[in-house]
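Visitor: Be aware that the sequence shown starts at -8, since it is given in this note's numbering, and climbs by one per residue. In this text, a Cβ means the ideal position worked out from N, Cα and C, and glycines have one as well.
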Amino acid sequence: MWDELSETWKEKHLLQSQYFLQITKCDDQSCCRPYRSSIRAILPGRFIPPPVPVKQTRHGLVAPEPDETLIDSHYGSLFSRIALSAILPQCAKTFKIFPFDLYCPSLIGKLQPRICPVCGMYFPSQKAKSSHTKLHTGAKFVEVSKRIDEEDLDTITSSVQKDLAIPVDSLPIIHSVQEWATVPWIEEN
Ligand SMILES: [Zn+2]
Ligand SMILES: [Zn+2]
């Protein structure tokens, strides 16, 4: 079952990739408590940046394209990656959001079907992407429900309020942890 609340929460707090799931607080203080550490001073983008190798050339440091040989290239430490975050391969221009797995050897050239065509967010599977993509069409359903006749409103509101006893900005309701946690990595048949 598609759970819009859960997808909205994931969009705000998760960065998913093939072998790495990052979960952070968001900046909305009605949702998450303020940070207790200085993590935002170190990671302005909230998440650990994607691994991008660099190599020294006659024109300075350059990031090789993912399908080039990585001989002579090095993945720096987290702090050198943050310092060198402006050094990206040419192909970075073709993505709205730099996909975390761009240099993952088993995924070279296979990322496009996992990228949301609307916002450019990258997902660890096509199924996770499809589930997320429904969020972008969700706005239409809200518009339709606004057109409901005035007299229907009382009965509808009371049943809706019962369903939405938990405010939209709170944590998602996870009915089955197993399903919630495994879904993004299982492809649809
Ligand atoms: Zn939050
Ligand atoms: Zn999207």
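Could you pull the DSSP bridge partners for S122 from this structure?
Guide: Paired residues: none, contrary to the question.
Visitor: Just list the residues that DSSP pairs Q47 with in beta bridges.
Guide: Bridge partners of Q47: L52.
Visitor: Looking at C-alpha atoms only, which residue of S76, I33, H127 is the closest neighbour of C107?
Guide: The shortest C-alpha separation from C107 is found at H127.
Visitor: Does the separation of the CB atoms of K87 and G51 fall below 8 Å?
Guide: Against a cut-off of 8 Å, the Cβ pair of G51 and K87 comes out as no contact.
Visitor: Can we count C22 as close to ligand 1, meaning its CB is less than 7 Å from some heavy atom?
Guide: It does: the Cβ of C22 is within 7 Å (strictly closer) of some heavy atom of ligand 1.
Visitor: In chain order, what residues of the same chain lie with their CB nearer than 6 Å to the CB of L79, ignoring the 5 residues before and after it?
Guide: Only A54 meet the Cβ criterion.
Visitor: Is the separation between the beta-carbon of Q9 and that of L98 shorter than 8 Å?
Guide: Taking 8 Å as the Cβ cut-off, Q9 and L98 qualify as a contacting pair.
Visitor: Select from K1, P42, Y113, T124 the residue whose C-alpha is nearest the C-alpha of L75.
Guide: That would be P42, whose Cα lies nearest to the Cα of L75.
Visitor: Express the C-alpha separation of L102 and D58 in angstroms, rounding to a whole number.
Guide: Using only the alpha carbons, I get a separation of about 13 Å.
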